[in-house]
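Trainee: Here it is, the structure, as structure tokens.
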Ligand SMILES: [Fe+2]
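In the numbering used here, the protein residues as written are 1 to 508.
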């Protein structure tokens, strides 16, 4: 029984005695008074002989399993109830009963009082126990609910594979909100991780660690070195994670497959109990499991993404290679389209889709005879009809690829003109998909800026003049105005790299 619980039991017993008009006191095991009533009926306790008697009584009670009445004067009795437990007695709550000297009834009444005090004491202690049990159950239920809620919330946000950093950050913050650690952090290892952008990344929620640079460097891995299988570790006496006020920290490995890819840690626990609890371990371990599974999915996603983009690059390189004058054209159009998309207010995700559309916009040229594509000199009407089919062929080739569904309008309509005189459908103005209007500008700019079999490259200022001149007829005027203001430094670098590659290929 805790000290505050002993005081509570004694307080209730003494209140009840006072209600019956009895004076009360509390004393330790030696009979030294700790608390006592001061009202008139307690005056009997003021005499030196009364305090001597109390010491004598306490000495006697120490040898009794159930301390009995002790007569301190004619007809005056000390009625004791032990405080604490049977095994660990801590003192006594005592009531003073003064009856008629020599009366058998007085002794009997004192016995009744003593028994009533004992029952009161036992009842209060029992209800405290029940209260404790109830509080314990409530705490456990609260913890369980919090665990479920936290894991549910973490699980729900697991879809964002394109942005794994946000998910890890949100998970660490959720753990910090649910646990009593002042600091929760996740650190990805320097080598094995699914996305290069996550390598060595540190995600911190709550109070920043005093030595973040040290926590970001390698030595923390030694905390988990030698752990044969995944599991938690309660760290003590490590100045990076613990101090005198917060002697324990919890570290849990992040595991993907059989590889350890980082760790999750909680440090500086707040509250009455600075020790790591089973609740802390349970929630952190579950969250680490989620993170491991998530990073596994990120790895698969990244692999598929690389494969997908690699396939697109291979496809477009194959088309560009059909005509040495257009080599690198698709990559450059993709680049310029992305810059224009960003300049027109699209976000990074939308601009990435524009980049893919730029990359594949001419994929239909795969169905145009090489003799027509590479012909030097003027095309006949029939040959030009061949060329004009490439947007539809491209659309046809890509239409069954679900990941490219949103870029198809760019492929089909990148040769439409703002005044309606383009192909394949003769769309005009805003009826031309926005994506296609973007690609049309990038495509024409690159065509004019490149050397072709039938003409040399045009100088930059003439190209831009031409774009300005055709704003509103060939091009969306708003987009054309944005386009001529773009920074072409990276584009020029791409052209230079392409020229170097061509020289190398020719030499080989
Ligand atoms: Fe084209």
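Just so you know, even glycine gets a beta-carbon here, dropped at the ideal spot from N, CA and C. Predicted model, so just to flag it, every value in this text is computed and none were measured.
Spatial neighbours of residue 406 within its chain, please: C-beta separation below 7 Å, excluding the five flanking residues on both sides.
Mentor: These residues qualify, in order along the chain: 353.
Trainee: Roughly how many whole angstroms lie between the Cα atoms of residue 228 and residue 271?
Mentor: Its pLDDT being 48, under 50, residue 228 is placed unreliably in this model, and the value from its coordinates should be taken loosely. Rounded to the nearest angstrom, the two C-alpha atoms are 33 Å apart.
Trainee: Please classify residue 267 as buried or exposed, where buried requires at least 16 neighbouring CB atoms within 10 angstroms.
Mentor: So residue 267 counts as buried.
Trainee: Return the residue from the list 269, 387 and 417 that minimises the CA-CA distance to residue 371.
Mentor: The candidate whose alpha carbon is nearest that of residue 371 is 387.
Trainee: Is residue 294 near residue 167, with beta carbons less than 8 Å apart?
Mentor: Yes, the Cβ-Cβ distance between residue 294 and residue 167 is below 8 Å.
Trainee: At which residue ranges does the segment 8 to 39 contain complete beta strand (DSSP E) runs of 3 or more residues, listed in the order of the chain?
Mentor: Here the runs fully enclosed are 23 to 28 and 33 to 36.
Trainee: How do the segment 54 to 65 and the segment 75 to 92 stand: do at least 3 beta-carbon pairs fall below 8 Å, yes or no?
Mentor: Short answer: they touch.
Trainee: Alpha carbon to alpha carbon, how far is residue 236 from residue 280?
Mentor: The alpha-carbon atoms of residue 236 and residue 280 are separated by roughly 16 Å.
Trainee: Report the rounded CA-to-CA distance for residue 402 versus residue 301, giving the unit in angstroms.
Mentor: Cα to Cα, residue 402 sits roughly 16 Å from residue 301.
Trainee: Please name the residue or residues paired with residue 455 in a DSSP beta bridge.
Mentor: Answer is 452, bridged to residue 455.
Trainee: When the Cα atoms are used, what is the spatial distance from residue 118 to residue 139?
Mentor: So the two alpha carbons sit approximately 31 Å from each other.
Trainee: Can you confirm whether residue 263, when its beta carbon is compared against all beta carbons of chain D, has any partner nearer than 8 Å?
Mentor: No chain D appears in the structure shown, which is made up of a single protein chain.
Trainee: Is residue 443 close to ligand 3? I mean its beta-carbon at under 7 Å from any heavy atom of the ligand.
Mentor: In the structure shown, ligand 3 is absent; the only ligands present are ligand 1.
Trainee: Write down the C-beta distance between residue 337 and residue 314 rounded to the nearest angstrom, noting that I regard them as a contact closer than 8 Å.
Mentor: Not a contact, Cβ separation roughly 20 Å.
Trainee: Taking just the CA atoms, how far does residue 285 sit from residue 151?
Mentor: Straight-line Cα distance between these residues: approximately 11 Å.
Trainee: With a Cβ-Cβ cutoff of 8 Å, do residue 189 and residue 262 count as a contact?
Mentor: Closer than 8 Å, so yes.
Trainee: Among the candidates 467, 309 and 127, whose CA atom is the shortest distance from the CA of residue 331?
Mentor: The shortest Cα separation from residue 331 among 467, 309 and 127 belongs to 309.
Trainee: Using beta-carbon positions only, say whether residue 483 and residue 427 come within less than 8 Å of one another.
Mentor: No, the pair does not count as a contact, with Cβ atoms beyond the cut-off.
Trainee: Using only the heavy atoms of ligand 1, determine whether one of them is closer than 7 Å to the beta carbon of residue 381.
Mentor: No, the beta carbon of residue 381 sits no closer than 7 Å to any heavy atom of ligand 1.
Trainee: Which parts of the segment 312 to 378 are runs of the beta strand (DSSP E), unbroken and 3 residues or longer, counting only runs that do not cross its ends?
Mentor: For the segment 312 to 378, not a single whole beta strand (DSSP E) run of length 3 or above is found.
Trainee: Is there at least one non-hydrogen atom of ligand 1 closer than 7 Å to the beta-carbon of residue 390?
Mentor: Checking every heavy atom of ligand 1 against the Cβ of residue 390, one is found closer than 7 Å.
Trainee: For the beta strand (DSSP E) that contains residue 513, what are its first and last residues?
Mentor: As shown, the chain starts at 1 and ends at 508. That puts residue 513 outside it, with no answer to give.
Trainee: Between the alpha carbons of residue 163 and residue 249, how many angstroms are there, rounded?
Mentor: If I take the Cα positions, the gap works out to 29 Å.
Trainee: Quick one: what's residue 184 bridged to in DSSP?
Mentor: The partner list for residue 184 (beta bridge, DSSP) reads 205 and 266.
Trainee: Check each candidate in 201, 490, 303 and 373 and name the one with the smallest Cα separation from residue 322.
Mentor: Out of 201, 490, 303 and 373, 373 has the C-alpha closest to the C-alpha of residue 322.
Trainee: Three or more C-beta pairs under 8 Å: does that hold for the segment 66 to 86 against the segment 4 to 12?
Mentor: Yes, the segment 66 to 86 is in contact with the segment 4 to 12.
Trainee: Which class does residue 260 belong to by DSSP, given the choice of helix, strand or coil?
Mentor: Here residue 260 sits in strand by DSSP.
Trainee: Among 289, 38, 451 and 70, which one has its Cα closest to the Cα of residue 376?
Mentor: Ranking the options by Cα distance to residue 376, first place goes to 451.
Trainee: Does the beta carbon of residue 395 fall short of 7 Å from some heavy atom of ligand 1?
Mentor: For ligand 1, not one heavy atom lies less than 7 Å from the Cβ of residue 395.
Trainee: Are the CB atoms of residue 26 and residue 20 nearer to each other than 8 Å?
Mentor: The answer is no: Cβ separation not under 8 Å.
Trainee: With distance defined between alpha-carbon atoms, name the residue in 120, 129, 359 and 307 nearest to residue 17.
Mentor: Checking every option, the nearest Cα to that of residue 17 belongs to 120.
Trainee: Nearest by alpha-carbon distance to residue 558: which of 156, 299 and 485 is it?
Mentor: Nothing can be reported for residue 558, as the shown portion of the chain is limited to 1 through 508.
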